[in-house]
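Trainee: Residue numbers (our numbering): 552 to 613.
Cβ coordinates follow ideal geometry from the N, Cα and C atoms, glycine included.
Model, not experiment: these values are computed from the prediction.
1. To which residues does DSSP link residue 595 through a beta bridge?
2. Going straight from the alpha carbon of residue 590 to that of residue 612, what length do you get?
3. Of all the CB atoms in chain D, is at least one closer than 8 Å to the CB of residue 610?
4. What residues in its chain sit with their C-beta under 7 Å from that of residue 576, if we drop five residues either side in the sequence?
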């Protein structure tokens with residue numbers, strides 16, 4: 552169970568099976584709507600580790 556709870560903090564969150572403690576089989580999954588057309592601006596920002604370099608891509612225009 553502890554390993555499953557630790558999986559919730561990973562970058563790629565696939566959820567955790569918490570059935571052993573009486574909770575959901577797919578607890579903690581993140582669901583994001585695929586409809587971004589209602590937004591005025593939707594950007595993907597790539598930054599270097601130091602923060603010196605930055606690249607922005609407007610996802611509504613691609």
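Mentor: The structure says:
1. 608
2. 12 Å
3. No chain D is present in this structure, which holds just one protein chain.
4. 568, 570
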